[in-house]
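Each remark here refers to the structure printed beneath this line.
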Amino acid sequence: MSIEEKLKNEKPTEVLDVRGEECPIPETLAAKKLNKMADGEILEVLTDHQPAVDVTLPYLAKRFGYPYIIIKKDDYYVVRILKLHEEEKGAVQLNDEIQVNLPFNKVTEAFLDPSILMSFVPQVKGVKQINYSAYSISMKYIIPFELPLFIKMEKYSNTVIIKYESYNKIAFLKATLGFDFFIYDHKKYTGIRVREWYEGPLKFMWKNEINKHITLAKEKLPNYLIKLISN
1 MSIEEKLKNE
11 KPTEVLDVRG
21 EECPIPETLA
31 AKKLNKMADG
41 EILEVLTDHQ
51 PAVDVTLPYL
61 AKRFGYPYII
71 IKKDDYYVVR
81 ILKLHEEEKG
91 AVQLNDEIQV
101 NLPFNKVTEA
111 FLDPSILMSF
121 VPQVKGVKQI
131 NYSAYSISMK
141 YIIPFELPLF
151 IKMEKYSNTV
161 IIKYESYNKI
171 AFLKATLGFD
181 FFIYDHKKYT
191 GIRVREWYEG
201 PLKFMWKNEI
211 NKHITLAKEK
221 LPNYLIKLIS
231 N
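Quick note on the UniProt record's numbering: the sequence shown kicks off at 1 and runs consecutively.
So, in structure tokens, the structure goes:
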């Protein structure tokens, strides 16, 4: 059975009904469900929020490397996502959520400066801006080296997605390291979902490092942002 046939024909393992909810609720709850699901299981998301169908749920699936399909019903959509084995998707990714009592716009502005990585990624030793969206980062992992880093931002009604991507190519080997920050404006707080992913050789080593980074992000980022924004 092909992946497409599996998505179309197999009964979903989990059903998440978020009809009536707006972004970032559908993708946030879907990410939490996927984190708890086993490899090979299917998550079915029911939503009537068009931005979730057009942008955020497909982006979530693509970033994790999971195949998905969208089925249109009369007044809502079904988005089915298949959680693949890590070896199949070719990437190592973790994500977690942080909540801060700080202004949404100020938090967004803080993440547009990639030097924020130095607060929770010990391997990043320095950041230098090259132009508006391109930077060079100094890293030390066994040996010191420089990497280019590019920033992209996507804006939605109450959500901003800021993406960092850095890559290195040596001979026939290519390694790509990325950070995705989903920043959403809640009535009572600003929510931040941090995702780090890696594609390339020695994935098992980087998975350990990503675990450490995510733990440090939860510990360090709130105080870092408070000090930065309060100054």
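Note that beta-carbon positions come from the ideal geometry of N, C-alpha and C, so glycine has one too.
Is residue i near the ligand NAP, judged by its Cβ being under 7 Å from some heavy atom?
{"i": "Ala31", "result": "Among the components modelled here there is no ligand, and therefore nothing to report on the ligand NAP."}
Among the options, which one has its Cα closest to the Cα of residue i?
{"i": "His186", "options": "Val160, Ile229 and Leu225", "result": "Val160"}
{"i": "Asn101", "options": "Ile183, Leu7, Asn9 and Pro12", "result": "Ile183"}
{"i": "Glu196", "options": "Lys188, Asp180 and Lys33", "result": "Asp180"}
{"i": "Leu82", "options": "Leu29, Glu199 and Pro12", "result": "Pro12"}
{"i": "Leu29", "options": "Pro144, Ala52, Leu112 and Tyr189", "result": "Ala52"}
{"i": "Arg193", "options": "Gln50, Val107 and Leu7", "result": "Val107"}
{"i": "Glu109", "options": "Ile130, Lys155, Lys72 and Ile143", "result": "Lys155"}
{"i": "Asn105", "options": "Ile130, Ile162, Ala217 and Lys8", "result": "Ile162"}
{"i": "Ala38", "options": "Leu84, Pro148, Gln129 and Lys218", "result": "Leu84"}
{"i": "Gln129", "options": "Leu60, Leu112 and Tyr76", "result": "Leu112"}
{"i": "Ile70", "options": "Ile143, Phe64 and Asp54", "result": "Asp54"}
{"i": "Lys6", "options": "Asn35, Ile210 and Gly40", "result": "Gly40"}
{"i": "residue 239", "options": "Tyr164, Asp48 and Ile42", "result": "Because the chain in this structure spans residues 1 to 231, residue 239 falls outside the shown range and cannot be described."}
{"i": "Lys72", "options": "Tyr59, Asp48 and Leu147", "result": "Asp48"}
{"i": "Asp75", "options": "Gln50, Lys62 and Leu60", "result": "Gln50"}
{"i": "Val127", "options": "Lys36, Tyr164, Pro103 and Glu10", "result": "Tyr164"}
{"i": "Glu22", "options": "Leu147, Asn158, Asn208 and Lys62", "result": "Asn158"}
{"i": "Tyr59", "options": "Ala31, Phe145 and Asn35", "result": "Ala31"}
{"i": "Ile229", "options": "Pro103, Asn211 and Met153", "result": "Pro103"}
Take the Cβ of residue i as the centre, count every other Cβ of all protein chains shown within 10 Å, and call the residue buried at 16 or more, exposed below.
{"i": "Arg19", "result": "exposed"}
{"i": "residue 232", "result": "The question about residue 232 has no answer here: the residues shown for the chain are numbered 1 through 231."}
{"i": "Met139", "result": "buried"}
{"i": "Ser166", "result": "buried"}
{"i": "Thr190", "result": "buried"}
{"i": "Glu44", "result": "buried"}
{"i": "Phe64", "result": "buried"}
{"i": "Thr178", "result": "It is worth fixing the name first, because residue 178 is Gly in this sequence and not Thr. Looking at its Cβ environment, which holds 16 or more other Cβ atoms inside 10 Å, Gly178 is buried."}
{"i": "Ile143", "result": "exposed"}
{"i": "Tyr198", "result": "buried"}
{"i": "Lys33", "result": "buried"}
{"i": "Tyr141", "result": "exposed"}
Compute the beta-carbon to beta-carbon distance between residue i and residue j, rounded to the nearest angstrom, for a pair I have assumed lies under 8 Å.
{"i": "Tyr68", "j": "Arg80", "result": "6 Å"}
{"i": "Pro201", "j": "Ile151", "result": "Not a contact, Cβ separation roughly 25 Å."}
{"i": "Leu57", "j": "Pro24", "result": "At roughly 11 Å, the Cβ-Cβ gap does not stay under 8 Å, so Leu57 and Pro24 are not in contact."}
{"i": "Leu117", "j": "Val78", "result": "Not really, about 37 Å apart at Cβ, beyond 8 Å."}
{"i": "residue 233", "j": "Ala175", "result": "Outside the modelled stretch of the chain, which goes from 1 to 231, sits residue 233, for which no answer is possible."}
{"i": "Leu147", "j": "Asn168", "result": "6 Å"}
Legend entry - Validate contact between the segment 115-132 and the segment 14-31 using beta carbons, cut 8 Å, 3 pairs: no
Legend entry - contact_flag[the segment 132-146, the segment 221-230] where n(CB pairs < 8 Å) is 3 or more: no
Inset, instruction - Could you tell me which uninterrupted alpha helix (DSSP H) segments, each at least 4 residues in length, are contained entirely in the UniProt domain "UPF0033" (15-83), listed from first to last along the chain? - result: 25-36 and 57-64
Inset, instruction - Any chance you could list the beta strand (DSSP E) runs of at least 3 consecutive residues sitting entirely within the segment 153-200, in chain order? - result: 159-170, 173-185 and 190-199
Inset, instruction - Please go through the segment 96-129 and give each complete beta strand (DSSP E) segment of 3 or more residues, from N-terminal end onward. - result: 124-129
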